[in-house]
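*Asks:* Structure in structure tokens, see below.
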Amino acid sequence: MVSVSSLAKKLMFARQFTIEDGMFSILGAPHVIFPARPFASMEEEIVKRLGKEGISFMYNLGIETGKKIALLYKEETRLSGFKLAKLLMDISSMGGWGKWEVYKADLENNYFINICENSQYAKAKKSNEPSCHIIRGFIAGELRVSFGINNLEVVETNCVSAGDKICKFITKPATGFDLNSNITKRQLPHLFK
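Numbering (this note's numbering), first residue to last: 486 to 678.
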């Protein structure tokens, strides 16, 4: 496995990771760097004002954004499947989104568990429950494109913002979620419509 710092060095050597003339780019794609706390406070404010609709809004925004991110890197690298998903996690780690790891991947059943250590985004928030809704969406969108599976959904079962040591995300087809689970009801309300 390639470490994130090793990947960054390889990309820099190949001039695919550049910071010059006011622009930061990875594999030719322009990026922006934004402080974690103000970014996290945007999600908190939306959820505070809109409640459950805010959770759905942030998740769906994340899905659409995650798809665009995955398509961008898929076109640039011609990668797909697990290789594309791994690249996206590594780029997220390089971008300060935490140290990402695939804890479990069952490709036969389209079941994934991703964990994130040191999530500055989650550390910037305080919550009584898992609250990284836009990140859940990023994961869903990126994995939908990476594996070509359009019905993948994501729940967050553990979250640093709620006092856990890691953020843990479970991804599987929509039909695989327990509709009696409170976490499913709270995080995936669209499954009940």
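Built from N, CA and C at the ideal position, the CB exists for glycine as well.
I'd like to confirm the pairing. Which residues does DSSP put opposite L637 in its beta bridges?
*Replies:* Beta-bridge pairing links L637 to P658.
*Asks:* Whole angstroms are fine: how far does the CA of K670 sit from the CA of L676?
*Replies:* Rounded to whole angstroms, L676 to K670 spans 8 angstroms at the Cα level.
*Asks:* Taking one C-beta from the stretch 535-546 and one from the stretch 616-635 each time, how about it: are there three or more such pairs within less than 8 angstroms?
*Replies:* The answer is yes - the stretch 616-635 touches the stretch 535-546, with three or more Cβ pairs under 8 angstroms.
*Asks:* Are the CB atoms of I576 and K653 within a distance shorter than 8 angstroms?
*Replies:* The answer is no: Cβ separation not under 8 angstroms.
*Asks:* Using DSSP bridges, identify the partner residues of M574.
*Replies:* According to DSSP, M574 bridges with nothing at all.
*Asks:* For M486, count neighbouring C-beta atoms within 10 Å of its own C-beta (all shown protein chains included) and say buried if the count is 16 or more, exposed if not.
*Replies:* Confidence in M486 is poor, its pLDDT being 48 and thus under 50, which makes the residue's placement unreliable; the coordinate value appears in the next sentence. The residue in question, M486, is exposed, as its Cβ has fewer than 16 Cβ neighbours within 10 Å.
*Asks:* Less than 8 angstroms separating the beta-carbons of E638 and L664?
*Replies:* Against a cut-off of 8 angstroms, the Cβ pair of L664 and E638 comes out as no contact.
*Asks:* Within a Cβ cutoff of 8 angstroms, which residues of the same chain sit near S631, ignoring the five residues on either side of it in sequence?
*Replies:* Excluding residues within five positions, the ones whose Cβ falls inside 8 angstroms are A555, K559, S565, G566, F567, L569, A570, L573.
*Asks:* Is the beta carbon of A647 sitting closer than 8 angstroms to the one on S666?
*Replies:* Contact flag unset, no.
*Asks:* From K650, N636, H618, pick the residue whose C-alpha is nearest to that of G536; which is it?
*Replies:* Nearest of K650, N636, H618 to G536, Cα basis: H618.
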